[in-house]
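Q: My structure is below; once you've seen it, I'll send some questions.
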Amino acid sequence: MPEINTILSRDSYLLYAELRLFWLVAFVYGMSFALFIIHGATRQSAPGKIGRMLLWLAVSLHIALIVLRTLEAGRAPFQTLYESLSWFACSAALTYLYVSGKWEDIHLPGGIVSGISLGACLYALLARSPAVEPLAPALQSYWFEWHVALAFFSYAVFVVSASIEAICLIVMPFVKRGRRVYGLTINAVDELQTLAHKLVLLGFPLLTFAVLSGAAWANEAWGRYWSWDPKETWSLITWTVFAVYLHSKTIPAMKGLPASVFNLIGFVCMMMTFLGVNWLAKLLGIPSLHVYAV
Numbered sequence: 110m111p112e113i114n115t116i117l118s119r120d121s122y123l124l125y126a127e128l129r130l131f132w133l134v135a136f137v138y139g140m141s142f143a144l145f146i147i148h149g150a151t152r153q154s155a156p157g158k159i160g161r162m163l164l165w166l167a168v169s170l171h172i173a174l175i176v177l178r179t180l181e182a183g184r185a186p187f188q189t190l191y192e193s194l195s196w197f198a199c200s201a202a203l204t205y206l207y208v209s210g211k212w213e214d215i216h217l218p219g220g221i222v223s224g225i226s227l228g229a230c231l232y233a234l235l236a237r238s239p240a241v242e243p244l245a246p247a248l249q250s251y252w253f254e255w256h257v258a259l260a261f262f263s264y265a266v267f268v269v270s271a272s273i274e275a276i277c278l279i280v281m282p283f284v285k286r287g288r289r290v291y292g293l294t295i296n297a298v299d300e301l302q303t304l305a306h307k308l309v310l311l312g313f314p315l316l317t318f319a320v321l322s323g324a325a326w327a328n329e330a331w332g333r334y335w336s337w338d339p340k341e342t343w344s345l346i347t348w349t350v351f352a353v354y355l356h357s358k359t360i361p362a363m364k365g366l367p368a369s370v371f372n373l374i375g376f377v378c379m380m381m382t383f384l385g386v387n388w389l390a391k392l393l394g395i396p397s398l399h400v401y402a403v
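For the sequence shown, my numbering assigns the number 110 to the initial residue and increments by one for each residue that follows.
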């Protein structure tokens with residue numbers, strides 16, 4: 110009995126420490142987001158640079174948080190939606206920081222990415238249970254880590270690509286007139302859109318392998334490769350939209366605004382796959398084999 114109490118006490122302490130750290134991470138994301146917004150409002154580079162430094166701090170703390178959760182759970186930390194939101198927020202911010210490493214005065218996409226990471230953290234903290242759950246039987250598979258890791262790496266890349274694309278669309282009307290906006294010229298915007306395209310070129314095969322590994326996993330767990338489950342269906346929709354985006358970039362008449370719109374639609378579909386499907390399934394009473402991820 111004392112041994113059981115000791116284990117419970119240790120687990121409770123770890124969860125308490127994790128939640129305190131998670132709130133600190135969310136706070137630093139919030140400070141970073143606020144400074145990026147100030148940069149956007151004032152067009153001064155200093156708030157953007159400080160916001161970027163704070164984003165590095167948030168990601169560093171977040172990595173420590175994920176390591177703590179892994180030790181606490183004794184498994185990969187993305188079984189529940191609480192864990193998945195944390196992983197999503199960290200991977201998106203880290204990808205942005207890596208991609209933007211050579212930028213000096215371009216900080217606007219960081220406002221979008223830090224805002225998304227902040228929103229994911231707050232949703233996890235305020236609306237999801239932080240309890241450590243044992244690994245569900247359907248997840249006890251070789252495919253678990255591969256499938257989820259590939260999916261979230263693709264999500265992170267798509268978040269950064271869409272953030273860059275959105276900023277390019279916002280400033281494009283101004284830079285076309287020869288104006289320099291937030292340190293951006295027409296040539297810089299073209300380079301950023303090329304980068305957004307390259308990111309989708311990276312994320313698309315990751316998403317493809319995630320879908321294929323998910324099908325292999327489904328066959329192992331449920332005896333069929335595809336069942337038109339809501340999340341499966343939306344993952345296919347997301348894959349199709351990004352395929353259309355990549356194809357549109359090869360067509361001169363579509364490689365401008367139409368392609369950019371497809372990139373943003375793909376991002377919306379990705380978020381629908383990640384979060385919206387769970388809400389719709391609950392709201393409409395649609396059965397789903399992915400209910401363990403809520």
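Just so it is clear, CB atoms sit at the ideal spot from N, CA and C, and this is done for glycine as well. Everything numeric in this text was worked out from a predicted model, so none of it was measured.
(1) Tell me the DSSP secondary structure of Val290 in three-state form.
(2) State the DSSP-derived secondary structure class of Phe136, mapped to helix, strand or coil.
(3) Would Gly219 be called buried (16 or more neighbouring beta carbons within 10 Å of its own) or exposed?
(4) Where Ile147 and Pro156 are concerned, what is the direct C-alpha to C-alpha distance, given to the nearest angstrom?
(5) Nearest to Phe136 by alpha carbon, out of Arg152, Lys158, Ile159, Leu163?
(6) Report the residue from Val266, His256, Pro361 whose alpha carbon sits nearest the alpha carbon of Ser209.
(7) Between Met381, Ser195, Gly365, Ile221, which lies nearest to Arg161 when the distance is taken from Cα to Cα?
(8) I need the DSSP call for Ser209, collapsed to helix, strand or coil.
(9) Could you tell me whether the region 315-330 touches the region 260-277, using the rule of 3 or more Cβ pairs below 8 Å?
(10) In whole angstroms, what is the alpha-carbon distance linking Ala173 and Arg333?
(11) Between the beta-carbon of Leu373 and the beta-carbon of Ala275, is there less than 9 Å?
(12) Is the region 375-387 close to the region 339-357, with three or more CB pairs under 8 Å?
(13) Would the beta-carbon of Val309 fall within 9 Å of that of Val298?
(14) Does the structure place the region 363-370 close enough to the region 228-243 that three or more beta carbon pairs sit under 8 Å?
(15) With C-beta atoms as the reference, is Ala325 less than 9 Å away from Glu254?
(16) Let me know the secondary structure DSSP gives Gln153 once reduced to three states.
A: In terms of the structure at hand:
(1) Annotated three-state conformation of Val290 is strand, per DSSP.
(2) Helix, per DSSP.
(3) Per the 10 Å Cβ criterion, buried.
(4) In a straight line, the C-alpha of Ile147 is about 6 Å away from that of Pro156.
(5) Taking only the C-alpha atoms, the option nearest Phe136 is Leu163.
(6) Nearest C-alpha to Ser209: Val266.
(7) Between Arg161 and the set Met381, Ser195, Gly365, Ile221, the nearest pair of CA atoms involves Ile221.
(8) Ser209 falls in the helix class under three-state DSSP.
(9) Yes, the region 315-330 is in contact with the region 260-277.
(10) Cα to Cα, Ala173 sits roughly 38 Å from Arg333.
(11) Contact: yes.
(12) Yes, the region 375-387 touches the region 339-357.
(13) Judged by their CB atoms, Val309 and Val298 are not nearer to each other than the 9 Å cut-off.
(14) No, they do not touch.
(15) The answer is no: Cβ separation not under 9 Å.
(16) Assigned with DSSP and collapsed to three states, Gln153 falls in coil, not helix or strand.
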